[in-house]
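Colleague:
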Amino acid sequence: MMERQPTGQDNLENRERSLAGKVALITGSSRDIGAEIAKALAIEGVNIIGNYRNKKKRADEVQKTLRSFGVTSEFVQADITDEDDRNKLIETAQNLFGGKVDILVLNASGPSRDINVNAANSLVDEFLPIMPKGSTIILMQSVPGHFEPQLEELFITPEFYRPIAKAKHEGEESLRSRLKEFKENGISFIVVCPPEVSDTANMRVFKSRYDVLISDKQAKISEMLGLPGAVTKEQVGKKVAELLKRKDLPMGYVEFFRLISS
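Each residue of the sequence shown is one higher than the last, beginning at 14 in the numbering used here.
1. Taking 6 Å as the limit between beta carbons, can you name the residues of its chain near Gly184, skipping five residues before and five after?
2. Cα separation between Ser86 and Val210?
3. Residues bridged to Ser86 by DSSP?
4. Let me check one thing: in DSSP terms, what residues is Ile39 bridge-paired to?
5. Could you check what DSSP says for Leu188 in three-state terms: helix, strand or coil?
6. Assess contact between the region 193 to 211 and the region 242 to 262, defined as three or more Cβ pairs (one per stretch) separated by less than 8 Å. Is contact present?
7. Taking all protein chains shown into account, decide if Val225 is buried (16 or more other Cβ within 10 angstroms of its Cβ) or exposed.
8. Grouping DSSP H, G and I as helix and E and B as strand, with all else coil, what is Pro243?
9. Closest Cβ-Cβ distance between Ala121 and chain B: below 9 Å?
10. Suppose only complete runs of 3+ residues qualify. What are the beta strand (DSSP E) ranges in the region 119 to 190, listed by chain order?
11. What's the call for Ser122, buried or exposed, on a 16-neighbour Cβ count within 10 Å?
12. Hey, Gln6 and Phe88: beta-carbon distance below 9 Å or not?
13. Just to check my reading of the structure: Ile116 and Thr78 have Cβ atoms closer than 8 Å, yes? What is that Cβ distance to the nearest angstrom?
14. So for Ile203, helix, strand or coil by DSSP?
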């Protein structure tokens, strides 16, 4: 009997994995990009641990949406720069999911090293021991953050965003310095680097204050790098889920959204 040849669908299935039943911790998950990532993963059957700083009502609404997809979801009031608060997240993983987290999404960021470098690495230190082989760490980056040295040299990054870009770049580099450690532990590391995310609260604030500056400089950056001018937070969430299902990505892979139209 002639052996059946693999089809395109077979190849696609061989490159993908199911996310159903996995557990994800997503920082900054009560709004905007973080909330959309949580939603996209919940649709795939991922159980979600989220955190929020002070907007409990907003976090409760996101949590309710996630639970409507049939997954377990728990949002914790926690400042990720505070060790005691990070311990609350660990305790939630232990109490609800037997002390296991398969996906760590470092989404929360800010203009300082405290969040982008110190808190991010502390979370990795604390969660790595409970992440089984085959787990994934995702860093949510920005184009100005990833290319900060090059764009700074060209004076393209908007001035108000430069401290944020510098801190985000330092955060990425600090995590990249741990790639050998991740590999030894069987952990994948992915950087998700969208261009302008047009419908976030931060972008609305930025545009109300610096509209012309952002539009001109963002257009230059996108044109120079061959990127779409903008994406939506929903597109970002779906892309994160898509990347997590893939089994063929190299360690340290960076996603630039080149195949998404503005």
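Heads up, the beta-carbon is just placed ideally off N, CA and C, and yes, glycines get one too.
Bear in mind the structure is a predicted one, so any value in this text is a computation, not a measurement.
Modeller: Concretely, from the data shown:
1. Position 171 of the sequence shown, counted from the first residue, corresponds to residue 184. Hits under 6 Å: Asn129, Val130, Ala133.
2. Indexing the sequence shown from 1 puts residue 86 at position 73. Indexing the sequence shown from 1 puts residue 210 at position 197. Going by the C-alpha atoms only, they are around 25 Å apart.
3. For the purposes of this step, residue 86 is taken as residue 73 along the sequence shown, with counting starting at 1. In the DSSP output, where bridge partners are listed per residue, Ser86 has Ile61.
4. Taking the sequence shown and counting its residues from 1, one reaches residue 39 at position 26. Per DSSP, Gly63, Val118.
5. The residue given as residue 188 occupies position 175 in the sequence shown. Leu188: helix per DSSP, three-state reduction.
6. yes
7. Residue 225 sits at position 212 when you count from the first residue of the sequence shown. Because Val225 sits at a pLDDT of 49, beneath the cut-off of 50, its placement in the model cannot be relied upon, and the point is left open.
8. Indexing the sequence shown from 1 puts residue 243 at position 230. Per the sequence presented here, residue 243 reads as Ala, with Pro not at that position. Reduced to three states, the DSSP call for Ala243 is strand.
9. Going by chain labels, chain B is absent from the structure shown, which holds only one protein chain.
10. 149 to 153
11. Residue numbering aside, residue 122 sits at position 109 when the sequence shown is read from its first letter. With 16 or more other Cβ atoms within 10 Å, it is buried.
12. Residue 6 lies beyond the range of the chain shown here (14 to 275); nothing can be said about it.
13. For the purposes of this step, residue 116 is identified with residue 103 of the sequence shown, where counting begins at 1. For the purposes of this step, residue 78 is identified with residue 65 of the sequence shown, where counting begins at 1. With a Cβ gap of about 18 Å, Ile116 and Thr78 do not count as contacting.
14. Position 190 of the sequence shown, counting from 1, holds the residue named residue 203. Reduced to three states, the DSSP call for Ile203 is strand.
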